[in-house]
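Engineer: Residue numbers (the UniProt record's numbering): 1 to 181.
Right, here's the structure in full:
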């Protein structure tokens with residue numbers, strides 16, 4: 001019985017960490033968007049939004065660290081094209097990258113809001129709990145899309161749920177083997 005209580009406590013802890021992470025990401029994205037709006041409206045005199053938080057949320061969402069933006073500048077008859085990293089330049093009032101920054105911030109806030117409200121549902125939390133072994137595989141760097149990963153998940157749940165009865169059977173079997181000699 002103690003085994004199942006500990007197992008339930010560990011599962012609950014992981015579920016709470018996932019929920020809290022989604023909530024924190026959403027709050028950070030929302031606050032960053034509000035700070036950026038205020039910063040633009042005050043013409044860069046209010047508190048500057050954090051580039052580190054923006055880069056972290058962007059990388060977590062898109063899986064990359066840069067968002068290149070082409071900039072075309074005309075100076076008389078000379079046309080030059082350059083590329084700017086929107087993530088690395090954040091926050092900036094440069095007219096060439098202001099719109100992409102606003103779009104990215106709105107997309108990040110919408111994404112993290114959807115993730116936060118999704119994890120609050122019973123279905124999403126149940127799916128997360130079922131996929132805990134896959135989360136472990138992802139954490140250590142093993143691809144979770146492979147069939148072997150799915151088999152690993154099934155084995156972990158079977159062994160995890162039936163460990164106490166299997167342990168008793170194994171002990172009984174070993175005692176039987178020892179007594180038959």
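Glycine is no exception: its CB is placed at the ideal position from the N, C-alpha and C atoms.
What whole-angstrom Cβ distance do residue 14 and residue 132 have, given they're in contact under 8 Å?
Structural biologist: By 1-based counting over the chain shown, the position of residue 14 is 14. By 1-based counting over the chain shown, the position of residue 132 is 132. Contact flag correct, Cβ pair sits at about 6 Å.
Engineer: Should residue 163 be listed as close to the ligand FAD, given that the test is whether its C-beta is under 7 Å from any heavy atom?
Structural biologist: In the structure shown, the ligand FAD is absent, as is every other ligand, since no ligand is present at all.
Engineer: Output the boundary residues of the beta strand (DSSP E) element that contains residue 84.
Structural biologist: Position 84 of the chain shown holds residue 84. Element bounds for residue 84: 78-85.
Engineer: Does the distance from the CB of residue 109 to the CB of residue 51 come in under 8 Å?
Structural biologist: As a first step, residue 109 must be located in the chain shown, where it is residue number 109. As a first step, residue 51 must be located in the chain shown, where it is residue number 51. In this structure, residue 51 does not lie closer than 8 Å to residue 109 by Cβ.
Engineer: Could you tell me the boundaries of the beta strand (DSSP E) in which residue 68 lies?
Structural biologist: By 1-based counting over the chain shown, the position of residue 68 is 68. Element bounds for residue 68: 68-75.
Engineer: Among the residues of its own chain, which have a CB less than 7 Å from the CB of residue 29, if the five just before and after it don't count?
Structural biologist: Within the chain shown, the letter at position 29 stands for residue 29. Cβ within range, chain order: 57, 108, 109, 112.
Engineer: Taking Cβ positions, are residue 69 and residue 86 nearer each other than 8 Å?
Structural biologist: Within the chain shown, residue 69 is the residue found at index 69, counting from 1. Within the chain shown, residue 86 is the residue found at index 86, counting from 1. Yes, Cβ-Cβ distance for residue 69 and residue 86 is below 8 Å.
Engineer: Residue range of the alpha helix (DSSP H) that residue 106 falls in?
Structural biologist: Position 106 of the chain shown, counted from the start, is the residue given in the question as residue 106. Start and end: 98-119.
Engineer: Out of 7, 105, 150, 176, which has the shortest C-alpha to C-alpha gap to residue 27?
Structural biologist: The residue labelled residue 27 in the question sits at position 27 within the chain shown. The shortest C-alpha separation from residue 27 is found at 105.
Engineer: Beta carbon of residue 3, beta carbon of residue 163: below 8 Å?
Structural biologist: Numbered from its first residue, the chain shown carries residue 3 at position 3. Numbered from its first residue, the chain shown carries residue 163 at position 163. Result yes, Cβ atoms of residue 3 and residue 163 sit closer than 8 Å.
Engineer: When we look at the beta-carbon of residue 116 and count the other beta-carbons within 10 Å, is it buried (16 or more) or exposed?
Structural biologist: Here residue 116 refers to the residue found at position 116 of the chain shown. It is buried - the Cβ of residue 116 has at least 16 other Cβ atoms within 10 Å.
Engineer: Under the assumption that residue 119 contacts residue 19 (Cβ atoms under 8 Å), give the Cβ distance between them as a whole number of angstroms.
Structural biologist: Reading the chain shown from its first residue, position 119 is the one you call residue 119. Reading the chain shown from its first residue, position 19 is the one you call residue 19. At roughly 5 Å, the Cβ-Cβ gap stays under 8 Å, so residue 119 and residue 19 are in contact.
Engineer: For residue 97, count the other beta carbons within 10 Å of its own beta carbon; 16 or more makes it buried, fewer makes it exposed. Which is it?
Structural biologist: As a working note, residue 97 is residue 97 in the chain shown. Buried: at least 16 other Cβ atoms inside 10 Å.
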